[in-house]
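Residues in the sequence shown are numbered from 4 upward in steps of one, following my numbering. Idealized CB from N, CA, C, for every residue including glycine.
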Amino acid sequence: MLANSSTTRRLFLGISAAGAAQAAQPTRPANTIRIIGVSCSPRKGRTTATAVQVALEAAKKAGAGIETEFIDLGGLKMQGALAAGIPLGEGERDDFPAIEARIRLPEVAGIIIGTPVYFTNMSGLAKEFLDRWMVFRKDFGLRDKVGGAIAVGAARNGGQEVTLQTIHAAMLCQDMIIVSDGRPTARLGGILVSGGDDISKDELGLTTARGLGRRVAEVALRLRQAPA
4 MLANSSTTRR LFLGISAAGA AQAAQPTRPA NTIRIIGVSC SPRKGRTTAT
54 AVQVALEAAK KAGAGIETEF IDLGGLKMQG ALAAGIPLGE GERDDFPAIE
104 ARIRLPEVAG IIIGTPVYFT NMSGLAKEFL DRWMVFRKDF GLRDKVGGAI
154 AVGAARNGGQ EVTLQTIHAA MLCQDMIIVS DGRPTARLGG ILVSGGDDIS
204 KDELGLTTAR GLGRRVAEVA LRLRQAPA
């Protein structure tokens, strides 16, 4: 359950219009896949969100039958302590269950996690979100989904690569398939620099975000099309 009606609105406003419209369709072709991008910045709609959306735009262009969905965690409540078995207070809820339901849908074949870099690591919001993935470990519900990561830092060497590796480690514990941004750069993922709270001038970084989105979608398509 979501915390209240206002958080419900915030969550579903964070889903891209295209993804929401497609999700509302009663039927879809059997070979359709969905790539979900999650911005884990506490600052809703800022540079990390933009970078994730850039990746999703590239993913959608990677082939036929690809849907994308964007979820912005900014302003939402994640309680990582629940993963350790520490209950919330009476009547208290967080926003993870609704997102969990979206990620579990069978058509979801790829997940892109984006985070700002704080002290050479992911945001606290990203860590709490990934800690809540403990629920997927019970049945390895994310097994064979393709995973990719994006990190936005204040400098070119601002800790992005270490941050990406920590997200990759969490994904590997779910038996996911991790990809880079692919050729020709084949870096660890999307590596962006936010200069003055703006990534629009970081063309190198935007190229890695696009490459990551494309690579996640390409590998996800191949896996879905491969014979069982």
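Cβ neighbours of Gly151 within its own chain (closer than 6 Å, five residues either side excluded): Ile115, Val182, Gly192, Leu215, Val219. By the criterion of at least three beta-carbon pairs nearer than 8 Å, the segment 135-145 is not in contact with the segment 156-166. Here the segment 72-91 lies against the segment 38-51, with 3 or more beta-carbon pairs under 8 Å apart. Residue ranges of uninterrupted beta strand (DSSP E) with 3 or more members, entirely inside the segment 45-118 and ordered along the chain, are 69-75.
Relative to the Cα of Thr71, the nearest Cα in the group Thr123, Ile38, Tyr121, Ala154 belongs to Ile38. Within the segment 125-182, the runs of alpha helix (DSSP H) at least 4 residues long that lie entirely inside it are, in chain order, 127-134, 137-140, 163-175.
Of the residues assessed, Gln228 falls on the exposed side of the cut-off, its CB having fewer than 16 other CB atoms within 10 angstroms. If you look at Leu195, you'll find it in the beta strand (DSSP E) that goes 193-196.
Where Val120 is concerned, there is no enclosing alpha helix (DSSP H), because DSSP gives it neither an H nor an E. Per the C-alpha coordinates, the member of Pro230, Asp201, Arg186, Glu221 positioned closest to Thr211 is Arg186. When beta bridges are read from the DSSP output, Ser42 appears opposite Asp75, Gly117. In the DSSP assignment, Thr211 falls within the alpha helix (DSSP H) that extends over 206-228. Counting only the Cα atoms, Ala67 lies some 16 Å from Ala58. The three-state secondary structure of Ile202, taken from DSSP, is coil. Annotated three-state conformation of Arg186 is coil, per DSSP. Put simply, the segment 95-113 touches the segment 141-151. At least three CB pairs are less than 8 Å apart.
Per the C-alpha coordinates, the member of Val196, Leu224, Ile89 positioned closest to Ala157 is Val196.
Under the 10 Å beta carbon count, Pro119 is surrounded by 16 or more other beta carbons and is classified as buried.
Contact annotation: Ile202 and Ala54 have beta-carbon atoms nearer than 8 Å. Ala112 sits close to Ala223, with the two beta carbons spaced by under 8 Å. Between Val155 and Thr51 the beta-carbon gap is near 5 Å, inside 8 Å, which marks them as a contact.
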